[in-house]
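Written out below as structure tokens is the structure these notes cover.
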Amino acid sequence: MVEKMNAMLDRLLVDPDRQMPLPFPAAERYAREVMEWARDLPPSGMKVRRDVAYGPNPLQRYNVFAPPGARGAPVLVFWHGGGWTNGYREYVSFMAPHVVRMGCILVAPSYRLAPQHPFPAAIDDALAALQHLTGHIGQCGGAADRIYLAGHSAGGHLAALTALRSAALEMAGVSPARIRGCLPISGIMDLHHPAPEPDSLEERVYKLVLSWRDQDATLSPLYWTAGNRIPFVLTCGASDSERVVRSNQRMSALLAAQPGASQFHIAAGLDHFGTHTALRQATAPWYGFLAKLLDGEPG
């Protein structure tokens, strides 16, 4: 199993043509680092199921990391980042030992990527993954009514948007009451930009990710905060991009006016990728935020 996993990681690392070129060197360094960390998972201490299909596309798959003998365990669904054009569910693997030691099941989905599959494909996949998960996670010892949503960067956007759109959840066959909390990390909460600079990341969203320009509002989490009752813990880095910090600040202000509890944390000294790679340490504060939600506290 270890040899098979390493061979798969080797193929992904040396096959850049499978996805869009990464937009800048820091993104490439991050991707290589977290993919290499996926090799370092301990061979014991958790039960692992890989490539669980929730749809016909090869990207409609998720990995499951569960405590041995789990029964009725809470479930953390964590979506990878990559600007909705790149990324693999293996980006999340390094978190598994820490999450499992908390008595929680970690689910790492992948999803269809732009530009081959522009929005709303990734969002539809997030809902489809949850629909499949609620019907099958009991086989891994998970509780289908104790689900927590999270993700990094683009994955944080997917987690937040999925949590906030209760009508879409219901249409997908997932009761919003099953979602007990949402903890997006460095999520892009507002896709709108009035005049994106040429070749900027903001322009990349309009050119590659959206199906039409006006989707920037309807698919931005901060426009869906009204009436929210799901506990939220927003996190971004002090050295994160201006776009991410500003959208999380606005999102926090909007969530604070809703019935659900919410918190906003800025991680000192961390940039956009550091907010995720910091989770390689079990002492990272984000795990404390998760632990409080698992215990029924607001964050």
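Take the sequence shown: its position 74, counting from 1, is numbered 73 in numbering that gives the first Met the number 0, and each next residue is one higher. For every residue, glycine included, the Cβ atom is placed at its ideal position computed from N, Cα and C.
Extent of the continuous beta strand (DSSP E) run through residue i
i: T234; result: F231 to S238
i: G295; result: Taken as a continuous stretch (DSSP letters only), G295 belongs to no beta strand (DSSP E), as it is neither H nor E.
i: A113; result: Where A113 is concerned, there is no enclosing beta strand (DSSP E), given that its DSSP letter is neither H nor E.
i: V47; result: K46 to A52
Continuous alpha helix (DSSP H) stretch holding residue i: start and end
i: A120; result: A120 to H135
i: W36; result: P24 to W36
i: G154; result: A153 to L163
i: T282; result: Where T282 is concerned, there is no enclosing alpha helix (DSSP H), given that its DSSP letter is neither H nor E.
Supposed contact pair residue j and residue i - C-beta distance, whole angstroms, cut 8 Å
i: Y90; j: V33; result: 5 Å
i: M101; j: A260; result: Incorrect: roughly 20 Å between the Cβ atoms, too far for contact.
i: L300; j: V98; result: Residue 300 lies beyond the stretch modelled for the chain, which goes from 0 to 298, so this question has no answer here.
i: A127; j: Q59; result: 7 Å
i: I178; j: I136; result: The Cβ separation is near 13 Å, so there is no contact.
i: T274; j: I184; result: 5 Å
i: L182; j: P96; result: The Cβ separation is near 18 Å, so there is no contact.
i: C235; j: N247; result: 5 Å
i: R203; j: G82; result: 7 Å
i: A149; j: F231; result: Rounded, the Cβ-Cβ distance is 11 Å, inconsistent with contact.
i: M250; j: L278; result: Between L278 and M250 the Cβ distance is about 21 Å, and since that is not below 8 Å, they are no contact.
i: L209; j: D215; result: 6 Å
Residue i beta carbon near the ligand SAM (any heavy atom closer than 6 Å)
i: S238; result: As for the ligand SAM, it is missing from this structure, which has no ligand bound.
Nearest candidate by alpha-carbon position, reference residue i, set the options
i: A283; options: G268, H135, L168 and D294; result: G268
i: R93; options: Q248, T276 and I146; result: Sequence inspection shows Phe at residue 93; the Arg mentioned does not correspond to that position. Closest option to F93, Cα to Cα, is T276.
i: G172; options: Q130, H79, V208 and L190; result: Q130
i: V106; options: G54, F64 and P96; result: F64
i: I146; options: A153, G134 and H156; result: G134
i: D239; options: P67, S152, G180 and R70; result: S152
i: Y205; options: L168, S185 and P117; result: P117
i: P57; options: G273, A72, A266 and Y110; result: Y110
i: D189; options: G236, A281, A142 and L253; result: L253
i: L200; options: V243, L168, Y222 and S219; result: V243
i: G287; options: Q262, D270 and S165; result: Q262
i: C139; options: I104, A237 and G44; result: I104
i: P258; options: M250, T224, M45 and H192; result: T224
i: Y222; options: W36, E241 and H156; result: H156
i: G180; options: D213, L293 and D198; result: L293
i: R49; options: R28, Y87 and L21; result: Y87
i: L21; options: A113, H191 and Y53; result: A113
i: A72; options: P108, A216, L218 and D144; result: D144
i: P66; options: H79, P42, N85 and Y53; result: P42
i: A84; options: A30, Y53 and M45; result: Here residue 84 turns out to be Thr, not Ala, going by the sequence shown. The option with the nearest alpha carbon to T84 is A30.
* **Length-filtered (4 minimum) alpha helix (DSSP H) runs lying within the region 176–260** => 200–203, 214–217 and 241–255
* On the three-pair Cβ rule with 8 Å, is the region 158–176 touching the region 115–132? -> yes
* **alpha helix (DSSP H) runs contained entirely in the region 57–108, provided each spans 4 or more residues** => 95–100
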